[in-house]
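Visitor: Residue numbers (the working numbering): 276 to 374. Using N, Cα and C, we set each Cβ at its ideal position, and we do this for glycine too. Before I ask anything, here is the structure I am working with.
Right under this line is the structure:
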């Protein structure tokens, strides 16, 4: 997320293209990670089934996000997007610090 999203933001893409670019980036990165883990025997076959089950809530979240994105003004959308990313980052730092 860190190198890709700020870079895409700097390109000045409108919100729909930004989300599309982020989706493509995350799909390619996730696919590459799965391929790398799978070829080195570091991912159990059971993980594939669980990952497939996770697609349903992900699709629901995308549908809700699309509806929200269409209602928000461009500036408010960008602010919400980056506040959400900041929140996730803070959560990961706090969680790593507690471990």
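With 16 as the cutoff for other CB atoms within 10 Å, does residue 352 come out buried or exposed?
Guide: With 16 or more other CB atoms across the displayed protein chains lying within 10 angstroms of its CB, residue 352 is buried.
Visitor: Just verifying my parser: in three-state terms, what is the DSSP assignment at residue 277?
Guide: coil
Visitor: Note down the Cα distance separating residue 334 from residue 368, rounded to an integer number of angstroms.
Guide: Those two C-alpha atoms are separated by around 27 Å.
Visitor: So which of 276, 310, 348, 307 has the shortest CA-CA distance to residue 296?
Guide: 276
Visitor: If we require 4 or more residues per run, which alpha helix (DSSP H) segments fall completely within the stretch 339-373?
Guide: 349-373
Visitor: Verify whether the separation of the beta carbon atoms of residue 344 and residue 294 is less than 8 Å.
Guide: yes
Visitor: Identify which residue in 342, 306, 288 has its Cα closest to the Cα of residue 323.
Guide: 306
Visitor: On the three-state DSSP scale, how would you describe residue 318?
Guide: coil
Visitor: Would you call residue 356 buried or exposed, if buried means 16 or more other Cβ atoms sit within 10 Å of its Cβ?
Guide: By the beta-carbon neighbour count (other beta carbons within 10 angstroms, threshold 16), residue 356 is buried.
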